[in-house]
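Everything in the sequence shown is counted per numbering that gives the first Met the number 0, starting at 0 for the first residue and increasing by one.
Ideal Cβ positions, reconstructed from N, Cα and C, are used throughout, including at glycine.
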Amino acid sequence: MAPYARMLQVHGYDVVSPDLPLYGLSFTESLKSMDYRDWVKIITEFIKQEFKRDGKPIVLLGASIGGMLAYHAASMSKQVKGLIVTTL
Numbered sequence: 000m001a002p003y004a005r006m007l008q009v010h011g012y013d014v015v016s017p018d019l020p021l022y023g024l025s026f027t028e029s030l031k032s033m034d035y036r037d038w039v040k041i042i043t044e045f046i047k048q049e050f051k052r053d054g055k056p057i058v059l060l061g062a063s064i065g066g067m068l069a070y071h072a073a074s075m076s077k078q079v080k081g082l083i084v085t086t087l
């Protein structure tokens with residue numbers, strides 16, 4: 000998704016690419032295992048905080064599991080105004 004995120008950024012959009020616990024480069028010392036539902040909760044809370052910070056409309060992008068995660072988080076958030084996903 001990086002090329003798409005960069006294209007949006009070049010055209011003046013704010014872009015945030017969160018890295019989720021136990022995936023990507025993130026690290027956690029928690030012994031509790033995480034599952035997909037935890038990711039949905041994390042992203043939903045992140046959306047709430049981002050909207051609270053600046054009130055700008057939020058559009059989620061995602062592919063594969065990121066697309067499904069974006070879909071589920073958007074369905075739980077009133078702040079999401081757009082969804083661009085693939086490979087659900």
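For residue i, three-class secondary structure by DSSP
i	result
G66	helix
V15	coil
L60	strand
L7	helix
Option nearest residue i by Cα separation, candidates the options
i	options	result
P17	M0, T86, E28	M0
T43	M6, Q8, A72	A72
D37	V15, S74, T85, P20	P20
Exposed unless 16 or more other CB atoms sit within 10 angstroms - verdict on residue i
i	result
G23	exposed
V79	buried
L87	exposed
G54	exposed
Test item: CB-CB of residue i and residue j under 9 angstroms
i	j	result
Y3	I83	yes
I41	E49	no
Which ranges does the beta strand (DSSP E) cover as unbroken runs of at least 3 residues, wholly within the stretch 20-53, from first to last along the chain?
none
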